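For the sequence shown, position 246 matches number 246 in the UniProt record's numbering, and the numbering has no gaps at all. Read through the structure below, which is laid out as structure tokens, and then see the notes.
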Amino acid sequence: MFRVTCKRYFSTSATIRLAQQSATDTFSNGSPLNLALTTEVPIHNWTKDQIHEIYNTPLNSLIFYAQLIHRKYHNPSEIQLCTLLSIKTGGCTEDCKYCAQSSRNNTGVKAEKLLDVDSVFAKAKEAKERGSTRFCMGSAWRDMHGRKSAMKKIGTMVKRINDELQMETCVTLGMLDEGQAQTLKSAGLTAYNHNIDTSREHYKDIISTRTFDDRLETIKRVQDANIGACTGGILGLGETDEDHVSFLYTLANMDKHPESLPINRLIPIKGTPMAEELRSKYKGRQLTLESILRTIATARLLMPESIVRLAAGRYTMKESEQLLCFMSGVNAIFTGEKMLTTMCTGWDEDIAMLKKWGFIPMKAFKKTGPKSHLQIKIDPAKKTFTVDLTEEENSERFSQLKALN
Ligand code: SF4
Numbered sequence: 001m002f003r004v005t006c007k008r009y010f011s012t013s014a015t016i017r018l019a020q021q022s023a024t025d026t027f028s029n030g031s032p033l034n035l036a037l038t039t040e041v042p043i044h045n046w047t048k049d050q051i052h053e054i055y056n057t058p059l060n061s062l063i064f065y066a067q068l069i070h071r072k073y074h075n076p077s078e079i080q081l082c083t084l085l086s087i088k089t090g091g092c093t094e095d096c097k098y099c100a101q102s103s104r105n106n107t108g109v110k111a112e113k114l115l116d117v118d119s120v121f122a123k124a125k126e127a128k129e130r131g132s133t134r135f136c137m138g139s140a141w142r143d144m145h146g147r148k149s150a151m152k153k154i155g156t157m158v159k160r161i162n163d164e165l166q167m168e169t170c171v172t173l174g175m176l177d178e179g180q181a182q183t184l185k186s187a188g189l190t191a192y193n194h195n196i197d198t199s200r201e202h203y204k205d206i207i208s209t210r211t212f213d214d215r216l217e218t219i220k221r222v223q224d225a226n227i228g229a230c231t232g233g234i235l236g237l238g239e240t241d242e243d244h245v246s247f248l249y250t251l252a253n254m255d256k257h258p259e260s261l262p263i264n265r266l267i268p269i270k271g272t273p274m275a276e277e278l279r280s281k282y283k284g285r286q287l288t289l290e291s292i293l294r295t296i297a298t299a300r301l302l303m304p305e306s307i308v309r310l311a312a313g314r315y316t317m318k319e320s321e322q323l324l325c326f327m328s329g330v331n332a333i334f335t336g337e338k339m340l341t342t343m344c345t346g347w348d349e350d351i352a353m354l355k356k357w358g359f360i361p362m363k364a365f366k367k368t369g370p371k372s373h374l375q376i377k378i379d380p381a382k383k384t385f386t387v388d389l390t391e392e393e394n395s396e397r398f399s400q401l402k403a404l405n
């Protein structure tokens with residue numbers, strides 16, 4: 001269905017032009033996919049029906065279209081490496097059914113105190129030396145109410161990691177009020193993580209101690225304080241594909257799209273209600289690779305500027321499965337010693353994998369457009385797109401790859 005005309009390959013100003021010859025069913029005029037591909041600015045008023053249609057595009061085509069948009073907005077060679085540290089583990093009063101750190105779940109995780117600033121800084125320094133450019137700090141708290149001294153300490157952690165290591169910073173501390181969001185902004189925080197977890201419909205089956213709207217309010221406060229929102233969810237909580245559609249509907253219709261959109265794959269943990277429900281209530285609803293890829297590719301099409309982050313559970317995926325996730329729109333991973341309470345693939349293994357697939361680590365504060373790689377230009381009127389390659393751009397990319405040797 002496509003004509004490919006290759007004028008000159010890998011020489012200065014060479015271009016490859018691919019002109020769409022005829023519309024497929026999923027790419028007809030006015031279709032949601034057509035809209036996602038040809039809009040000049042990201043859209044914030046998607047309907048569930050539109051997202052359902054995109055999500056159910058034949059997978060091979062869905063990934064191709066997600067790649068197009070990925071290459072229009074990002075340098076597709078770059079993957080951000082970030083490291084997560086649990087700065088306050090266990091003893092959380094919330095009842096998230098999947099979580100090892102809830103005091104209501106019998107998982108053997110003990111409540112610990114907040115780590116001191118120097119220990120956290122040392123971990124961030126190590127992460128930077130090993131190749132990470134973003135450092136995320138997680139604490140098992142419902143909210144920051146009455147935690148003034150902890151907030152002060154965390155502000156110091158953020159400021160030191162920013163100023164002395166020039167790393168991007170992200171924290172997750174539960175629900176925040178406006179003043180707390182401002183305190184974190186003043187410390188220089190890059191992003192605040194607060195996941196919506198799943199669809200609005202499925203949420204009530206997962207958590208009862210705070211509502212879906214409570215979550216949205218904290219995310220709004222973070223965005224109002226001009227901090228990037230890192231918000232996404234967990235796949236594999238016994239949800240359906242329609243829940244994935246609804247989950248994406250909430251994220252894509254936020255006034256500001258997430259700066260970072262983590263996609264976690266549930267690792268069922270012994271002693272959590274979710275591990276039991278996956279064997280009983282949700283038996284037969286196993287999460288498939290296809291659903292993961294559909295969620296990622298649809299997220300990429302709906303929220304083209306966001307960093308899509310493959311988070312917890314990645315270590316259970318084969319490298320070839322991870323490559324498919326990158327091809328579908330993922331451009332960040334967690335790497336290092338551990339996720340909060342689950343395993344994580346280490347730096348050396350990840351850097352070797354990225355090199356093998358032709359990726360380079362993204363620099364801190366450098367989420368760039370596709371300036372140093374293929375430049376995709378989509379002409380909404382003609383329904384065509386052009387791919388530009390130049391010698392200089394490729395030289396830069398290959399020298400970066402070589403530097404990884
Ligand atoms: S709020 Fe966070 S730490 Fe607390 S139970 Fe839920 S997921 Fe776990």
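No residue lacks a Cβ here, since even glycine has one placed at the ideal position from N, Cα and C. Since the model is a prediction, treat every value here as computed from it, not as a measurement.
In this structure, Ala299 sits away from Leu235, with a CB-CB distance that is not shorter than 9 Å. Between Ala66 and Ser328, the C-beta gap is smaller than 9 Å, which places the two residues in contact. Burial of Asn264 is indicated by the presence of at least 16 other C-beta atoms within 10 angstroms of its C-beta. In the structure shown, Val308 adopts extended strand secondary structure according to DSSP, grouped into three states. For Ile43, there is no enclosing alpha helix (DSSP H), as DSSP marks it with neither H nor E. For Ser199, no alpha helix (DSSP H) run applies, since DSSP gives it neither H nor E. Taken in chain order, the unbroken stretches of alpha helix (DSSP H) that lie wholly in the region 166-235 and span 4 residues or more are 178-187, 200-203 and 212-224. For the pair Arg294 and Val41, the Cα-to-Cα distance works out to about 22 Å. Taking the Cβ of Tyr203 as the reference point, every heavy atom of the ligand SF4 lies at 8 Å or farther away. Collapsing the DSSP output to three states places Arg285 in coil. About 6 Å separates the beta carbons of Ala140 and Gly90, which is inside the 8 Å limit, making them a contact pair. Rounded to whole angstroms, the separation of the alpha carbons of Arg285 and Ala275 is 13 Å. Annotated three-state conformation of Asp118 is helix, per DSSP. Glu78 has Ile360 as its beta-bridge partners, per DSSP. For Met274, the enclosing alpha helix (DSSP H) stretches over residues Pro273 to Arg279.
Cys92 has its alpha-carbon roughly 39 Å from the corresponding atom of Ile69.
Check the Cα spacing between Glu321 and each of Lys153, Ile292, Ala36 and Ile360: the tightest is with Ile292. Set against 8 Å, the gap from the CB of Tyr73 to the closest heavy atom of the ligand SF4 is not smaller.
When secondary structure is reduced to three states using DSSP, Cys92 falls in the strand class. Here the C-alpha atom of Arg142 lies approximately 25 Å from the C-alpha atom of Asp243. Distance from the CA atom of Leu37 to the CA atom of Lys270, rounded to whole angstroms, is 43 Å. Contact between Glu78 and Met362 holds, with the beta-carbon distance rounding to 4 Å and staying under 8 Å. Shortest Cα-Cα distance from Pro58 to any of Val308, Leu266 and Glu290 involves Glu290. Boundaries of the beta strand (DSSP E) around Ala332: Ala332 to Phe334.
Cβ neighbours of Asn226 within its own chain (closer than 7 Å, five residues either side excluded): Lys185. Linking Val330 to Lys153 through their CA atoms gives a straight-line distance of about 33 Å. The shortest C-alpha to C-alpha distance from Gly30 to any of Ser132, Ile63 and Pro380 is the one to Pro380. Taking Ala297 as the centre and dropping the five residues before and after it, the same chain places the C-beta of Leu62, Ile63, Ala66, Ser328 and Gly329 closer than 7 Å to its C-beta, in chain order.
Of the candidates Ile207, Met167, Leu176 and His194, the residue whose Cα lies closest to the Cα of Glu94 is Ile207. Cys82 has its CB no nearer than 8 Å to any heavy atom of the ligand SF4. If only uninterrupted beta strand (DSSP E) runs of at least 3 residues are considered, those enclosed by the region 110-155 are 134-139.
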